[in-house]
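K.L.:
Number of protein chains: 2
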Amino acid sequence: MQNSPLPSGDDAPAAARPADAPRGRVPRAEREQQMLDAAVLVFSRRGFHHANMDEIAELSGVSKPMVYAYLGTKEELFIACLRRESARLVAGLAAAADPTLPPDQQLWRGLKGFFEFVGAHRDGWSVLYRQARTQQPFSVEVAAMREAVVEVITDRLDGALRLEGRQVKPDDLTAMALTLVGASESLADWLADHPDEDPGRTATRLMNAVWLGADQLMRGVSWRPPA
Amino acid sequence: MQNSPLPSGDDAPAAARPADAPRGRVPRAEREQQMLDAAVLVFSRRGFHHANMDEIAELSGVSKPMVYAYLGTKEELFIACLRRESARLVAGLAAAADPTLPPDQQLWRGLKGFFEFVGAHRDGWSVLYRQARTQQPFSVEVAAMREAVVEVITDRLDGALRLEGRQVKPDDLTAMALTLVGASESLADWLADHPDEDPGRTATRLMNAVWLGADQLMRGVSWRPPA
DNA sequence: ATTGAAACTTACTCGTGCGTAACCTTACGA
DNA sequence: TCGTAAGGTTACGCACGAGTAAGTTTCAAT
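Taken in order, these protein sequences are the chains called A and B. Following full-length UniProt numbering, the residues of the first sequence are numbered contiguously, the last one being 227. Following full-length UniProt numbering, the residues of the second sequence are numbered contiguously, the last one being 227.
This is how it looks when you write it as structure tokens:
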């Protein structure tokens, strides 16, 4: 039973926490980071609604009104978490990107970067992201992010296909991109739950699952439903 | 912008609702179904936490205590929704299954059945399912469901591979199954948001994206990361 | 006609937890 | 050494919405 279904029903009050932040006087910038660290942790463990501001405050070594003073309401705090984490992800990906590489290498780099990020933030990103995708006030923003990613991938796929002299209907491209994104999300969750899995290996698995197919598709091979 | 990011921020009080259930006296069995219909609708639109029992009651043509009397607490009600909808899904899939068919046909049937279901319940299943996957009390049950599906697919893949005389490490099989499931979820969301898309077409798109790759894999072709 | 149970209502209680008002205290530049 | 602002606290208001107690109407069977 190594599978902790996302918001891991962790009722243990504290257990072995990553050491509550220091209680002394600390400059704002630093304290804000501690608050965000705490918030990511708590939101991940409990889920947005079950997370409680007092716990986040306590974990960041401070009392509740400080959190409000620095980072605003619960919703704003959650969004701040989301933004910080996705900024980190984007930074990681940007570092890995290289438009001069051949298509499969680009995809490989992207996936590797993504899974390495997820692996490094095992119970931050995936959980936050998944929450945000369904929870009312955030879904809009996150849906936009996701759509942007899908669009980037769609364009890349289109580019790769044009290089091969092939062309595919827009919706088919979108479907491919969605497949890729959905598969990545699914494997990311898995990765987050499996501490021993190597991110690079996960990326390779996914490459194996989708690239071969894409490659076939580019050659014009396709599967047809029976009559 | 035709994309309504899951819980569609629908603040309009009622608008063109599928006609509130009749207010008169109605036998229990029937009323329960109306309640479930209403609940599915409201939970989908608002999300579990923002859904409010009075609205569900009103929509089902009855006052709140009736809902409690028939279907229990909010959580129990949500679970009841989930169970009804997944029972419907399973029924749909069971009808489509046929173990004597070749692997690709089986997969095709399964996907077709799944997407047809999603298409037919455009803002029931996907939304509920996604909520349930992240929301604290339900995630366990739904994670189990999902894992069961992944396992079934893993077994089928294994069977298909053995038929070809090939064998793959368990984790690789799991990864393939997760890819398939994740991709399906992703496309299901898309389908739910695109009223004009034909479910069969979506299934075909996914077959194209994954089957060709799987086929290659079965032949022993695989993608390797660069040094 | 009468009874009783099933269908349904109004009108509450009450916990929870976000958000804040009002108040300390330590650092440090003038 | 004093003023002030940044860092910090305690203690509370208050809305919201789940859940319920107590009662009313309708129907169907005897």
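The C-beta atom is built at its ideal place from N, Cα and C for all residues, glycine as well.
1) Give the single residue among ARG133/A, ALA148/A, ALA160/A and GLU30/A whose Cα lies nearest to the Cα of VAL62/A.
2) Look at the alpha carbon of ALA209/A and the alpha carbon of THR179/B, and state the distance between them as a whole number of angstroms.
3) Under 8 Å between C-beta atoms, does SER186/A make it to chain B?
4) Less than 8 Å between CB atoms is the rule here; does SER222/A satisfy it with respect to chain B?
5) Does the separation of the CB atoms of VAL40/B and CYS81/B fall below 8 Å?
6) Quick check: the region 114 to 122 of chain B against the region 179 to 193 of chain B, are at least 3 beta-carbon pairs closer than 8 Å?
7) Would you kindly work out how many angstroms separate the C-alpha atoms of LYS169/A and ALA227/B, rounded to a whole number?
8) Between HIS49/B and the rest of its own chain, which residues show a CB-CB distance below 7 Å, the 5 nearest in sequence each way excluded?
9) Which stretch, first to last residue, makes up the alpha helix (DSSP H) that contains SER139/B?
10) Between the Cα of PHE43/B and the Cα atoms of GLY213/B, VAL152/B and GLN131/B, which residue gives the shortest distance?
11) I think MET207/A touches LEU111/A, with their Cβ atoms under 8 Å apart; what is that distance to the nearest whole Å?
12) Can a CB atom of chain A be found closer than 8 Å to the CB of GLY182/B?
13) Are MET145/A and LEU157/A closer than 8 Å when you measure CB to CB?
14) Between TRP125/B and chain A, is there a C-beta pair that is closer than 8 Å?
15) Between the alpha carbons of ALA69/A and PHE78/A, how many angstroms are there, rounded?
16) Helix, strand or coil, according to DSSP, for PRO13/B in the structure here?
17) Would you kindly work out how many angstroms separate the C-alpha atoms of ALA12/B and ALA51/B, rounded to a whole number?
18) Report the option in GLU76/A, ALA21/A and ALA97/A whose CA atom is closest to the CA atom of PRO137/A.
19) Since ASP158/A meets chain B, which of its residues come closer than 8 Å, beta carbon to beta carbon?
20) Looking at chain B, is there any beta carbon in it that lies within less than 8 Å of the beta carbon of MET145/A?
21) What first and last residue would you give for the alpha helix (DSSP H) that runs through VAL62/B?
22) Hey, could you find the ends of the alpha helix (DSSP H) ALA29/B is sitting in?
23) Could you spell out where the alpha helix (DSSP H) holding GLN167/B opens and where it closes?
24) If you measure from the beta carbon of THR73/B to each beta carbon in chain A, is any gap under 8 Å?
25) For ASN208/A, name the three-state secondary structure that DSSP assigns.
26) For GLY124/B, report the span of its alpha helix (DSSP H) as first-last.
27) Compare the C-beta of LEU111/A against all C-beta atoms of chain B and say whether one is closer than 8 Å.
28) Return no unless some Cβ of chain A is closer than 8 Å to the Cβ of ALA14/B.
29) If the cut is a Cβ gap below 8 Å, which residues of chain A does VAL210/B touch?
30) What residues from chain A crowd round ASP172/B, counting only those whose CB sits closer than 8 Å?
31) Can a CB atom of chain B be found closer than 8 Å to the CB of ARG133/A?
32) Return the CA-CA distance between SER86/A and VAL142/A, expressed in angstroms with no decimal places.
P.N.:
With the given structure in hand:
1) If we check each option's Cα against that of VAL62/A, GLU30/A comes out closest.
2) Taking C-alpha positions only, ALA209/A is separated from THR179/B by approximately 7 Å.
3) Proximity of SER186/A to chain B, defined by a Cβ-Cβ separation below 8 Å, is satisfied.
4) Closer than 8 Å to some Cβ of chain B, the Cβ of SER222/A qualifies, so yes.
5) Yes. Within cutoff.
6) These segments touch.
7) Taking C-alpha positions only, LYS169/A is separated from ALA227/B by approximately 35 Å.
8) Sequence-distant partners of HIS49/B (beyond 5 residues in either direction) whose C-beta falls short of 7 Å from its own C-beta are missing from its chain.
9) Counting along the chain, SER139/B sits inside the alpha helix (DSSP H) bounded by residues 136 to 163.
10) Ranking the options by Cα distance to PHE43/B, first place goes to GLN131/B.
11) MET207/A to LEU111/A, Cβ: 7 Å. Contact.
12) Judged by the 8 Å Cβ criterion, GLY182/B is in contact with chain A.
13) Against a cut-off of 8 Å, the Cβ pair of LEU157/A and MET145/A comes out as no contact.
14) Judged by the 8 Å Cβ criterion, TRP125/B is not in contact with chain A.
15) If I take the Cα positions, the gap works out to 15 Å.
16) Low per-residue confidence applies at PRO13/B: pLDDT is 46, beneath 50, and the placement is therefore not dependable, though the value from the model is reported in the following sentence. Looking at PRO13/B - three-state DSSP - the assignment turns out to be coil, as it is neither helix nor strand.
17) Note that ALA12/B scores 43 on pLDDT, short of 50, meaning its location in the model is unreliable; the coordinates nonetheless yield the value given after this. One Cα belongs to ALA12/B, the other to ALA51/B, and the distance between them is close to 14 Å.
18) Ranked by how close their Cα comes to the Cα of PRO137/A, the residues GLU76/A, ALA21/A and ALA97/A have GLU76/A in first place.
19) Think of a sphere of 8 Å around the beta carbon of ASP158/A: no beta carbon from chain B falls inside it, the nearest being about 15 Å out.
20) No, MET145/A lies away from the interface with chain B (no Cβ there is under 8 Å from its Cβ).
21) Unbroken run through VAL62/B: none, as it is neither H nor E.
22) Looking at the DSSP string, the run of the alpha helix (DSSP H) that includes ALA29/B is 28 to 46.
23) Counting along the chain, no alpha helix (DSSP H) covers GLN167/B, and no H or E run does either.
24) So no, THR73/B is outside the interface.
25) Note: ASN208/A maps to helix in three-state DSSP.
26) Segment: none, GLY124/B is in no alpha helix (DSSP H) and carries neither H nor E.
27) No - not a single Cβ of chain B is within 8 Å of the one on LEU111/A.
28) In this prediction, ALA14/B has a pLDDT of 43, which is less than 50 and means its spatial position is unreliable; what the coordinates show is noted afterwards. Chain A, which has no Cβ nearer than 8 Å to the Cβ of ALA14/B, makes this no.
29) Per Cβ cutoff of 8 Å: THR179, ALA209, VAL210 and GLY213.
30) What ASP172/B touches in chain A: ARG205 and ASN208.
31) Output row for ARG133/A: interface = yes.
32) If you take the alpha carbons of SER86/A and VAL142/A, they lie about 10 Å apart.
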